[in-house]
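One structure is given below, encoded as structure tokens.
Written out as structure tokens, the structure is:
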């Protein structure tokens with residue numbers, strides 16, 4: 118571990134994406150997955 122600021126909130130690996138059934142889009146900075154409570158969930162990021 119190196120104490121430094123990171124541009125990432127979290128890093129999800131391929132096994133996690135498969136378990137979530139997630140569809141990540143690095144071009145659009147979005148990730149969609151299905152949730153039992155809310156249906157389709159979209160997570161968006163920005164490049165600020």
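Residue numbers (our numbering): 118 to 165. All C-beta atoms in this analysis are idealised placements derived from N, C-alpha and C, irrespective of residue type, glycine included.
query                                                                                     : result
Segment limits, beta strand (DSSP E) that includes residue 141                            : 140-142
Length of the line joining the Cα atoms of residue 154 and residue 139                    : 16 Å
Enclosing beta strand (DSSP E) for residue 148 [first to last residue]                    : 147-152
N-terminal and C-terminal residue of the alpha helix (DSSP H) that residue 120 is part of : Element bounds for residue 120: n/a, residue is neither H nor E.
For residue 130, the first and last residue of its enclosing beta strand (DSSP E)         : That residue, residue 130, is in no beta strand (DSSP E); it is neither H nor E in DSSP.
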